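Notes to accompany the following structure.
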Amino acid sequence: EIRADIGHARSIGFEISHQEISARIDGKPVESLAELAQAFPVQVIEPGAHRLVEEGGYRRRRWMDWAVFHVEPRFIDLWMRYRRALKQRNTALRLDPAQASAWDPELARLGEAIAESRRRFVTQLQPDWRDTVAALSGLEVELQYVQGWSSEGTLLEALRTTRARDELRRLTHAGPHRGDVALRLHGRPAREVLSRGQQKLVAVAMTISQLRLLRDLTGTVPTLLLDDPAAELDGERLERFIEQVARLRCQLVVTSLHAESRLFGTPERTFRMEDGRVQSV
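Going by the working numbering, the sequence shown opens with residue 84, and the numbers climb by one from there.
In structure tokens, the structure reads:
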């Protein structure tokens, strides 16, 4: 049973068979993962969190889109329609390049809408982001949205400009599927100048400020999963991390290799995994 902040309980159940996993919400079959995610939003901070800063734009796009999905109900429909149009255009580029431009107007319209939703999220995030990243890392890391095509023109213009390259490589190069979040410290890419521990703190700041914004805009605070939260952190850095997470006042699910770990106080319930089975302690 999962109890929401709005004051009522919702029952979410899972059934696992050899062929599939099915879910029910309040006894009714779940039609899609999106429906399940809306009913029970969950975010994760794990030992590899630094990859949100260190690696390519795919992870940061997922970070943006997770938040926008929970704030703007229409976003998932926009994104699915965009992905279908993008797939059709890329197929045309491979099989019949002359037909690819037929998809440009729809791709541009949907892509512009996705970019605007992402831009709105990043703009709204800025005040809390600056405070949170400074409190966690002591650094002034800039976070800026990159839409995925030249800011000097529309997406439709960009699709026409990159047409020759698209035909050569049989792939669409302009659009929100190439979007990103640029993280910079004193004008340099954060991944080039930050240590692994600093990268993790910046990634944690991204997640915490994201959850705070979601709470402010929707009144919902997702459940936060913390996997081995002390990894890569020690001393003052760990204390800062604990303080910021505690301020979220959300439901925490914490995993640790050490049974005596009590970083966030006494847990309401404790479980132990042994020989592939989960047991209540």
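We put the beta carbon where it would ideally sit given N, CA and C, even for glycine.
Computed from a predicted model, the values in this text were never measured in an experiment.
Check                                                                                                              : Outcome
Inter-residue Cα distance where the pair is R352 and S363                                                          : 8 angstroms
Coarse secondary structure for D263, derived from DSSP in three states                                             : strand
Which listed residue (A122, H101, R93, E103) has its alpha carbon closest to that of T301                          : A122
Status (buried if at least 16 other CB within 10 Å, exposed otherwise) for T215                                    : buried
Buried or exposed (CB count within 10 angstroms, at least 16 for buried), G194                                     : buried
Closest Cα partner of T245 within the set G139, L176, S100, D109                                                   : L176
Whole-number beta carbon distance between P124 and T303, since they are thought to touch under 8 angstroms         : 7 angstroms
Inter-residue spacing [alpha-carbon to alpha-carbon] between R241 and D249                                         : As written in the sequence, residue 241 is Ala, which differs from the Arg given in the question. The straight-line gap from Cα to Cα measures roughly 11 angstroms.
N-terminal and C-terminal residue of the alpha helix (DSSP H) that A198 is part of                                 : 187 to 220
Identity of the residues DSSP links to Y228 by a beta bridge                                                       : V264
9 angstroms Cβ cutoff met for I128 and T290                                                                        : yes
N-terminal and C-terminal residue of the beta strand (DSSP E) that V127 is part of                                 : 125 to 128
DSSP three-state assignment for E98, whether helix, strand or coil                                                 : strand
Backbone CA spacing between F204 and E357 [nearest angstrom]                                                       : 42 angstroms
I197 versus D263 - alpha carbon distance                                                                           : 13 angstroms
A286 vs V113 beta-carbon contact at 9 angstroms                                                                    : no
Stretch-stretch touch, CB-based, cutoff 8 angstroms, three pairs: the region 219 to 232 with the region 255 to 262 : yes
Cβ shell of R355 (< 6 angstroms), same chain only, five flanking positions each side left out                      : Q362, V364
Beta-carbon proximity of I159 to A117, cut-off 9 angstroms                                                         : yes
Opening and closing residue of the alpha helix (DSSP H) in which V136 lies                                         : 134 to 137
Between the CA atoms of L208 and Q293 - distance to the nearest angstrom                                           : 7 angstroms
Beta carbon of R267 nearer than 9 angstroms to that of G140                                                        : no
DSSP three-state assignment for A247, whether helix, strand or coil                                                : helix
Cα-Cα separation, P312 to S200                                                                                     : 31 angstroms
DSSP three-state assignment for D160, whether helix, strand or coil                                                : helix
Three-state secondary structure (DSSP) of R271                                                                     : strand
Runs of beta strand (DSSP E) wholly within the region 302 to 362 (minimum 3 residues, chain order)                 : 306 to 310, 335 to 338, 354 to 357
Selection from E138, L316, C333 that minimises the alpha carbon distance to L308                                   : C333
Cβ-Cβ distance between A273 and V224 below 9 angstroms                                                             : yes
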